[in-house]
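Q:
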Amino acid sequence: MELANTRFNNVLSQIKQEKTKRRRELLEALRKNKWALASLYIIIALCAMSLVSFIYTPYDPFQFNLAIARQPPSLSHPLGTDELGRDILSRIMYGGRYTLGISFISVTLGALIGVALGILAGYNGGKVDTVIMRIVDIMLAFPTILLAIALVAAVGQGVKSLILAISITTFPVYARLVRGTVLQIVNEDYITAAKLIGLSSYKIMVKHVLPNTMSVIIVQMSYYMGLSILLASALGFLGLGVPPPKPEWGTMIGGGRTYFFSTPHIVVIPGIFIFVTSLAFNLLGDGLREALDPKLRGLLKRG
């Protein structure tokens, strides 16, 4: 038992040193990746804009004035007004609460469910693994957008429905990715040593398996933030998302699509915000993947 404890402590010490080294390498790699760094700044700026809307917007995002409807961008209204004369900049700021908030909550919830199932499947194996992965396979057999539409149609329109639908459509990917990672580390020395000293399966999964899957989880969450923004906006455009007059970005596009050819800024401006935000999260995900994958980082350096 004493030998197992010594071995376990030595392995843990080596792991901690390796984690500290990887953390420094990650920060350095992100600093050198200009696209990832620029994307991070864009995301921070968009989140700050949405948070500011809690205390300030140039105009009331819900107050309409038909006398100034569909005005192009001007000094008084930098992004113009929509079909009901509401200030688009104010609605973009306010709508970021919904678009970014829904995406963040749904991606986090999907990750929690998927990671838990993936660790259970990979660590326990056997029937547990078989049952969980068959459920995951069934979920992945359906196209994401069609499954989300079906779920929202069944549950009903609203913020909670969107969060539920996006969470359900995203958790299977986390489960599969985490399971694959767990299968690679479950036979490592520190896991074997933890079992020998009598640690429970729960403690091993939480304290030693989960931390070693975080790199995969973080990268996937960044990618899925971009996907969730597109998905929430698509459902809003179809009239299945956040109900009007709440200014979710996809709902704004849906409300102004009738005027696309006469006053395109009503549709184009929210579309630009959706595109830029989704692209920023994807580029950040690429940067994180390159920084967290030593093999890929080595190839990029040689290239």
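Using the numbering used here, the letters of the sequence shown map in sequence onto residues 1 to 303. The C-beta atom is built at its ideal place from N, Cα and C for all residues, glycine as well.
1. From the DSSP secondary-structure annotation, give me the bridge partner or partners of Asp-87.
2. CB Leu-231 to CB Ala-153, shorter than 9 angstroms?
3. Measuring alpha carbon to alpha carbon, tell me which residue in Ala-121, Val-268, Ala-116 is nearest Ile-132.
4. Which residue comes first and which comes last in the alpha helix (DSSP H) that contains Gly-241?
5. If you pair each beta-carbon of the segment 245-264 with each one of the segment 183-196, do three or more pairs fall below 8 angstroms?
6. So, for Pro-58: in the same chain, excluding its five sequence neighbours on each side, which residues have a beta-carbon less than 7 angstroms away from its beta-carbon?
7. Considering just the uninterrupted stretch of the alpha helix (DSSP H) at Glu-188, what are its terminal residues?
8. Are the segment 159-174 and the segment 88-107 touching by the rule of at least three beta carbon pairs closer than 8 angstroms?
9. Within the chosen definition, does the segment 101-121 reach the segment 172-185 through at least 3 CB pairs nearer than 8 angstroms?
10. Just to confirm my understanding: we take Met-80, look at its own chain, exclude 5 residues before and 5 after, and list those with CB closer than 6 angstroms. What are they?
11. What are the start and end residues of the alpha helix (DSSP H) that includes Thr-306?
12. Take Leu-227 and list the residues in its own chain whose beta-carbon comes closer than 8 angstroms to its own, dropping the five residues that flank it on each side.
13. Identify, in the order they occur along the chain, each residue of the same chain with its Cβ nearer than 8 angstroms to the Cβ of Ile-218, setting aside the five sequence neighbours on each side.
14. Which residues in the same chain have their Cβ closer than 6 angstroms to the Cβ of Phe-62, if we skip the five residues on either side of it in sequence?
15. So, with DSSP's three-state summary, where would you put Ala-150?
16. Rounded to whole angstroms, what is the Cα-Cα separation between Ser-53 and Asp-60?
17. Could you compute how far the alpha carbon of Ile-135 sits from the alpha carbon of Lys-32?
18. Return the first residue and the last residue of the alpha helix (DSSP H) that Asp-286 is part of.
19. Mapping DSSP to helix, strand and coil, what is Ser-262?
20. If we call anything under 9 angstroms between Cβ atoms a contact, is Val-276 one with Ile-42?
21. Return the residue from the list Ile-163, Glu-83, Ser-201, Leu-40 that minimises the CA-CA distance to Leu-66.
22. In whole angstroms, give me the CA-to-CA distance for Ser-76 and Ile-68.
23. May I ask you to report which of helix, strand or coil DSSP gives Glu-28?
24. Where does Tyr-56 fall in DSSP's three states?
25. Once you ignore the five residues that flank His-208 on each side, which residues in its own chain have a CB closer than 7 angstroms to its CB?
A: Working from what's here:
1. One-based indexing of the sequence shown puts residue 87 at position 87. Asp-87 pairs with Thr-81.
2. Start at 1 with the first residue of the sequence shown, and residue 231 comes out as number 231. Start at 1 with the first residue of the sequence shown, and residue 153 comes out as number 153. Contact: no.
3. Within the sequence shown, numbered from 1, the residue matching residue 132 stands at position 132. It is Ala-121 whose Cα lies nearest to the Cα of Ile-132.
4. Counting from 1 along the sequence shown, the entry for residue 241 is found at position 241. From DSSP, Gly-241 is part of no alpha helix (DSSP H); its letter is neither H nor E.
5. no
6. Indexing the sequence shown from 1 puts residue 58 at position 58. Here the set comprises Asp-87, Leu-89, Ser-90.
7. Locating residue 188 in the sequence shown gives position 188, where the first residue counts as 1. Glu-188 -> no alpha helix (DSSP H), and no H or E assigned at all.
8. yes
9. yes
10. Your numbering for residue 80 matches position 80 in the sequence shown. Checking the sequence, you will find Gly at residue 80 rather than Met. Excluding residues within five positions, the ones whose Cβ falls inside 6 angstroms are Gln-71, Pro-72, Pro-73, Ile-88, His-265.
11. With the chain running from 1 to 303 in the structure shown, residue 306 is simply not present.
12. Here residue 227 refers to the residue found at position 227 of the sequence shown. Answer for Leu-227: Thr-144, Thr-170, Ser-278, listed in chain order.
13. Translated into the one-based positions of the sequence shown, residue 218 becomes position 218. Here the set comprises Leu-288, Leu-292.
14. Against the sequence shown, residue 62 aligns to sequence position 62. For Phe-62, where only same-chain residues beyond five positions count, the Cβ hits under 6 angstroms are Pro-245.
15. The residue labelled residue 150 in the question sits at position 150 within the sequence shown. Here Ala-150 sits in helix by DSSP.
16. Stepping through the sequence shown from its first residue, residue 53 is reached at position 53. Stepping through the sequence shown from its first residue, residue 60 is reached at position 60. One C-alpha to the other measures close to 10 angstroms.
17. Looking up residue 135 in the sequence shown gives position 135. Looking up residue 32 in the sequence shown gives position 32. Near 41 angstroms, if we compare the C-alpha coordinates of Lys-32 and Ile-135.
18. For the purposes of this step, residue 286 is taken as residue 286 along the sequence shown, with counting starting at 1. Counting along the chain, the alpha helix (DSSP H) containing Asp-286 begins and ends at 265-292.
19. Your numbering for residue 262 matches position 262 in the sequence shown. The answer is coil: DSSP assigns Ser-262 none of H, G, I, E or B.
20. What you label residue 276 is simply residue 276 of the sequence shown in a count that begins at 1. What you label residue 42 is simply residue 42 of the sequence shown in a count that begins at 1. Their beta carbons are under 9 angstroms apart, which means Val-276 touches Ile-42 by this criterion.
21. Looking up residue 66 in the sequence shown gives position 66. Of the candidates Ile-163, Glu-83, Ser-201, Leu-40, the one whose C-alpha sits nearest the C-alpha of Leu-66 is Glu-83.
22. By one-based count along the sequence shown, residue 76 stands at place 76. By one-based count along the sequence shown, residue 68 stands at place 68. Roughly 11 angstroms between the two C-alpha positions.
23. Counted from its first residue, the sequence shown places residue 28 at position 28. In the structure shown, Glu-28 sits in a helix (DSSP, three-state: H, G or I).
24. Indexing the sequence shown from 1 puts residue 56 at position 56. Looking at Tyr-56 - three-state DSSP - the assignment turns out to be coil, as it is neither helix nor strand.
25. Indexing the sequence shown from 1 puts residue 208 at position 208. Excluding positions up to five away in sequence, the list reads Tyr-190, Ile-191, Ala-194.
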